[in-house]
Amino acid sequence: MRRLRRLRFDGHEFRWTGRIGYEGTPYVRRCVYLRIRGGGKQGSLLAVTLVSGPSGSSGGWFVDSSYPTPREIRAVVEQALGEGWQPLVKGGGFTLRALDLPGWQLPGRAEVT
Numbered sequence: 225m226r227r228l229r230r231l232r233f234d235g236h237e238f239r240w241t242g243r244i245g246y247e248g249t250p251y252v253r254r255c256v257y258l259r260i261r262g263g264g265k266q267g268s269l270l271a272v273t274l275v276s277g278p279s280g281s282s283g284g285w286f287v288d289s290s291y292p293t294p295r296e297i298r299a300v301v302e303q304a305l306g307e308g309w310q311p312l313v314k315g316g317g318f319t320l321r322a323l324d325l326p327g328w329q330l331p332g333r334a335e336v337t
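Letter by letter, the sequence shown follows residues 225 to 337 of our numbering.
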């Protein structure tokens, strides 16, 4: 899904897109590449890759249809803001260092169960 979506809360507006992909070895996991901006096209970019939690495997692939809900996108934004992301600053980007979101993990931290 690549369309530009809008998220509003606490008097702020954010625009985001998500693209489905796959990450990892030896097990391939579904992920969603998020791109989030606040403050228009020139605001600071928050780029996050969410790896879905395990839900059963088939031949080394984890099979699921996970896609983050608006509530989960808001949680990602709130966490990034708490880590110091300044969406109104022009240019640049921000990397989320940790994620506390049930059902999702950051790449490299995904566990196989």
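Yeah, the Cβ is synthetic: ideal placement off N, Cα and C, and Gly gets one too.
Nonlocal neighbours in the same chain, by C-beta distance under 8 Å from residue i, ignoring five residues either side
i: MET225; result: With a pLDDT of 49 at MET225, under the threshold of 50, the modelled position of that residue is not reliable, and the figure given next carries that caveat. Excluding residues within five positions, the ones whose Cβ falls inside 8 Å are THR241, GLY242, ARG243, ILE244, TYR291.
i: ARG227; result: THR241
i: ARG298; result: LEU231, PHE233
Proximity winner among the options, relative to residue i (alpha-carbon distances)
i: ARG229; options: CYS255, ARG261, ARG254, GLU247; result: ARG261
i: GLN329; options: GLY235, LEU231, ARG254; result: ARG254
i: PRO331; options: GLY277, GLN266, LEU270; result: GLY277
i: THR273; options: VAL300, GLY235, GLY263, GLN266; result: VAL300
i: GLY317; options: GLY306, GLU302, GLY267, LEU325; result: GLY267
i: GLY263; options: TYR246, HIS236, GLY248, VAL275; result: HIS236
i: ARG350; options: LEU258, TYR246, VAL275, GLU247; result: Lying outside 225 to 337, the shown extent of the chain, residue 350 is not represented and no answer is given.
Buried versus exposed, by CB contacts within 10 Å (16 or more), residue i
i: PHE233; result: exposed
i: PRO294; result: exposed
i: PRO326; result: exposed
i: LEU312; result: exposed
Sequence-distant residues of its chain with Cβ nearer than 6 Å to residue i (five each side left out)
i: LEU270; result: ILE260, ALA304, TRP309, PHE318
i: LYS314; result: GLN266
Nonlocal neighbours in the same chain, by C-beta distance under 7 Å from residue i, ignoring five residues either side
i: GLU307; result: LEU320, ARG321
Residue i: CB within 7 Å of a non-hydrogen atom of the ligand ADP
i: THR293; result: Ligands displayed in this structure: none; no statement on the ligand ADP is therefore possible.
Quick check for students: name the residue ranges of the beta strand (DSSP E) that lie wholly in the region 255 to 325, counting only runs of 3 or more. Those beta strand (DSSP E) runs which fall completely within the region 255 to 325 and span 3+ residues are 269 to 276.
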